[in-house]
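The next block holds one structure in the form of structure tokens; read it before the comments.
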Amino acid sequence: MSSTPTQRFGTLAVHAGQSPEATTGAIMPPIFQTSTYVQPAIAEPLGGIYDYARVANPTREALERNLAALEGGAHGIAFASGLAAIESVLKRLSAGDHIVSEENTYGGTTRMFTRVLSKLGLEFTFVDSRDSDAVADAMTPRTRLVHVETPTNPMMRLCDIARVAEVAHAGGALLMVDNTFASPYNQRPLELGADVAVHSTTKYLNGHSDIIGGVVVVDDEDLAEEIRFVRKSSGAVPGPMDAWLCLRGTKTLHLRMGAHNSNGLAVARFLQEHPRVDRVFYPGLPSHEQHELATRQMTGFTGMVSVDVGTLERARALVEHTQLFQLAESLGGVESLVSVPSLMTHASVPREMRERMGVTDGLVRLSVGIEDIDDLLADLDGALQG
Ligand code: P1T
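Each residue of the sequence shown is one higher than the one before, starting from 1043 at the first, in my numbering.
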């Protein structure tokens, strides 16, 4: 079935980008587990593109069409990881170019910017993108890209995408939004004015904690071509089996996100009232300082909840006493996970930068899964008593 822009999200999740296989009618896209393709004549690949699987793979293309439809963009370009997807957009730039980045990104993104790409001559300024004036002030004549994450990992800070898109464009730069935490079910950056939406598909899009992957979604044909060129030249492609698994995951994205959103909100409300929790960071709570923006640019608030329990000892006690919430990095899978960002996902961020953003030793991050909510609340209550 081909999809049209008039179809709604759940229909796109199930069908977009896929049609029955021509020879047999197989309803699921085949896994084209091949590295190369036989060409009928020299340099005349079938379909004009199938010459080598780093360049083109039909399973990957089905995933890309599906993800582009979900993000409301024209082009999806899949990668071997979320970091490879982000990196591809920066690899379009040249030494001496300047990037303004939100300071509270995933720790691995900060590490790539400060310890890998800055060595190649790209220059970064890190800002608190909750404040669009801070973004504007950081722009220079050499700024080519503004990169934000919203909600941020792990502080759940928000960036006003429409406003910061205007700031970026006024300075002649593109806006890239890491939409991993929200998922396209809850937030669609391209519709708000961003030029690039990027994901770690490892998280909500795949949703089952069994692949590493990434995707870039853009509307602009020339930009898509540039990013495909970077991928072809650099090589960070996902394998066909992982592309197929992600495509299987996206078929239930709308159902899973509905459950993540409602469980996330219930956990946030419960922890907000809990005497052993000092602070809860969740954009869906009216107490979140950007709740008004959250309700304006998001339609749901995800299963990601961060809490400050005061000290590392208390954080340790909490994460070591949960039974259902498993202690692990990553997020967005059907099962609930818990982590201590200062020692895990954000350990590579310098302590001073970390603490300025609120990533204290007592901060605990929850990825609330889709289990029965009463069991999840009982698990957290028990661990907090322990
Ligand atoms: O792990 P990878 O697929 O390369 O994605 C990197 C990445 C990018 N953007 C965001 C917002 C992320 O959270 C991540 C990965 N994050 C974790 C592994 C984590 O536990 O936070």
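For glycine and all other residues, C-beta sits at the position ideal for the given N, C-alpha and C.
Bear in mind the structure is a predicted one, so any value in this text is a computation, not a measurement.
Does the Cβ-Cβ distance between residue i and residue j come in under 8 Å?
{"i": "V1190", "j": "V1219", "result": "yes"}
{"i": "I1119", "j": "T1151", "result": "no"}
{"i": "A1110", "j": "Q1060", "result": "no"}
{"i": "D1237", "j": "A1116", "result": "no"}
{"i": "L1418", "j": "V1406", "result": "no"}
{"i": "M1437", "j": "M1198", "result": "Lying outside 1043 to 1428, the shown extent of the chain, residue 1437 is not represented and no answer is given."}
{"i": "R1102", "j": "P1280", "result": "yes"}
{"i": "G1342", "j": "N1228", "result": "yes"}
{"i": "A1425", "j": "L1360", "result": "yes"}
{"i": "G1256", "j": "S1276", "result": "no"}
{"i": "T1364", "j": "D1416", "result": "no"}
{"i": "V1322", "j": "R1134", "result": "no"}
{"i": "L1379", "j": "Q1368", "result": "yes"}
{"i": "C1201", "j": "S1160", "result": "no"}
{"i": "L1232", "j": "G1052", "result": "no"}
{"i": "N1248", "j": "L1187", "result": "no"}
{"i": "L1112", "j": "T1244", "result": "no"}
{"i": "F1166", "j": "I1141", "result": "yes"}
{"i": "A1308", "j": "G1326", "result": "no"}
{"i": "D1224", "j": "P1193", "result": "Reading off the sequence shown, one finds Ala at residue 1224, where the question assumed Asp. Against a cut-off of 8 Å, the Cβ pair of P1193 and A1224 comes out as a contact."}
{"i": "P1436", "j": "S1348", "result": "Outside the displayed range of the chain (1043 to 1428) lies residue 1436, so it cannot be described from this structure."}
From what residue to what residue does the alpha helix (DSSP H) around residue i run?
{"i": "S1304", "result": "1295-1314"}
{"i": "T1076", "result": "Careful: T1076 lies outside any alpha helix (DSSP H) and carries neither H nor E."}
{"i": "S1381", "result": "Run containing S1381: none in the alpha helix (DSSP H); it sits in the beta strand (DSSP E), 1379-1381."}
{"i": "R1358", "result": "1354-1363"}
{"i": "E1334", "result": "1333-1339"}
{"i": "A1176", "result": "1174-1180"}
{"i": "A1055", "result": "1051-1057"}
{"i": "A1064", "result": "Taken as a continuous stretch (DSSP letters only), A1064 belongs to no alpha helix (DSSP H), as it is neither H nor E."}
{"i": "M1395", "result": "1393-1399"}
{"i": "P1282", "result": "1282-1292"}
Could you spell out the range, first to last residue, of the beta strand (DSSP E) harbouring residue i?
{"i": "A1040", "result": "In the structure displayed, the chain extends from 1043 to 1428; residue 1040 sits before or after that span and is not available."}
{"i": "V1349", "result": "1346-1350"}
{"i": "F1323", "result": "1321-1323"}
Hey, is residue i's beta-carbon within less than 8 Å of any beta-carbon in chain D?
{"i": "T1076", "result": "Among the protein chains of the structure shown there is no chain D, as only one such chain exists."}
DSSP beta-bridge partners for residue i?
{"i": "R1270", "result": "DSSP output for R1270 lists no bridge partner at all."}
{"i": "Q1368", "result": "L1379"}
{"i": "E1165", "result": "H1140"}
Give me every residue whose Cβ sits closer than 6 Å to any heavy atom of the ligand P1T, in chain order.
-> Counting every residue whose Cβ lies closer than 6 Å to a heavy atom of the ligand P1T, we get S1123, G1124, L1125, Y1148, G1150, T1151, E1191, N1195, D1220, T1222, F1223, S1242, T1244, I1254, G1256, E1371, S1372, L1373, T1387.
Within the stretch 1097-1163, ranges of the beta strand (DSSP E) (whole runs, at least 3 residues) = Taking 3 residues as the minimum length, the beta strand (DSSP E) runs contained wholly in the stretch 1097-1163 are 1117-1121, 1140-1144, in order along the chain.
Which parts of the stretch 1186-1262 are runs of the beta strand (DSSP E), unbroken and 3 residues or longer, counting only runs that do not cross its ends?
-> Look at the stretch 1186-1262 and you find these whole runs of beta strand (DSSP E), each 3 residues long or longer: 1216-1220, 1238-1242, 1256-1260.
Would you list, in sequence order, the uninterrupted beta strand (DSSP E) runs of no fewer than 3 residues that lie entirely inside the stretch 1403-1427?
-> Taking only runs of at least 3 residues, the beta strand (DSSP E) segments lying wholly in the stretch 1403-1427 are 1405-1409.
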